[in-house]
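All letters in the sequence shown, in the order written, are residues 1 to 207 by the UniProt record's numbering.
Here's the structure we're looking at; comments come further down.
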Amino acid sequence: MKAAVQVLHYPEMAFQSGTAPHVITRKEYLSMSRQMVSCSKMISSCLESNGDKCPKAENCSEGAFPPLEMRGIDVYDMRITCRSDDCSGLGGGNMQTYLNKKSVQSKLGVRKRFEECSNVGDFSRDEITAFDVLLPDLIDAEIKVLLYAGDQDYICNWIGYEKVAEQMEWAGRDAFQTAARYEYEDNNGISVGLLRSIRWKEKGMFG
Numbered sequence: 001m002k003a004a005v006q007v008l009h010y011p012e013m014a015f016q017s018g019t020a021p022h023v024i025t026r027k028e029y030l031s032m033s034r035q036m037v038s039c040s041k042m043i044s045s046c047l048e049s050n051g052d053k054c055p056k057a058e059n060c061s062e063g064a065f066p067p068l069e070m071r072g073i074d075v076y077d078m079r080i081t082c083r084s085d086d087c088s089g090l091g092g093g094n095m096q097t098y099l100n101k102k103s104v105q106s107k108l109g110v111r112k113r114f115e116e117c118s119n120v121g122d123f124s125r126d127e128i129t130a131f132d133v134l135l136p137d138l139i140d141a142e143i144k145v146l147l148y149a150g151d152q153d154y155i156c157n158w159i160g161y162e163k164v165a166e167q168m169e170w171a172g173r174d175a176f177q178t179a180a181r182y183e184y185e186d187n188n189g190i191s192v193g194l195l196r197s198i199r200w201k202e203k204g205m206f207g
């Protein structure tokens, strides 16, 4: 959503997230933190100038993964260990099969075949483009916006998402920054995670 902010929080997610296992040493944490500060600056410079820093910026976050990969930590669920040849997929291909069902695509209103890792998206700088700037207009239009991240997901970790939400420039920024997290329950009254949200202009909602 905003890579220049999100990459800064890989080290914290791996070392002291408060929700996922502690999987790196303090020395690795400090080293990764330095790498991600440099990476964040490269991403910002690339987006501002579209210049010669872009090739490095597009790949600089890769430095956040070797410490987990060498330990066989699944980057989509940090509670799981896996072999090097099966750590890169989500659900062993089940997700791709499901999302390519005609009934599912019809319900979602899409026609293109779903690919778990698309080079088209990867090569278009999609990964480092800042999309948070699109959200304020949606909220002002009274559209509910949910930023969701699993508490064990390393790649799209919740700490980075929360920091992007806190820093996002919009009219409700101050209200969101002071909003507290609370237990979110499903229809059966079972707690399924923590939510932090505010209602905006009566109908709009951001969380």
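Virtual Cβ for every residue (Gly too), placed ideally from N, Cα, C.
- Please report how far the alpha carbon of Tyr-76 lies from the alpha carbon of Glu-69, in whole angstroms. 12 Å
- Alpha-carbon spacing of Ile-43 relative to Lys-53, whole angstroms: 8 Å
- Can you name the start and end residues of the alpha helix (DSSP H) that Glu-162 belongs to? 158-167
- Extent of the continuous alpha helix (DSSP H) run through Leu-135: 135-140
- Item | First through last residue of the alpha helix (DSSP H) which encompasses Ile-43 | 26-49
- Query: From Thr-19 to Ile-159, what does the alpha carbon distance come to, in whole angstroms?
  - Reply: 10 Å
- Message: So Leu-8 and Met-36 are supposed to be a Cβ contact under 8 Å. How far apart are they, rounded?
- Response: 5 Å
- Message: Can you give me the C-alpha to C-alpha distance between Pro-66 and Gly-72, rounded to a whole angstrom?
- Response: 10 Å
- Item | Exposure label - Glu-58; buried when at least 16 CB within 10 Å | buried
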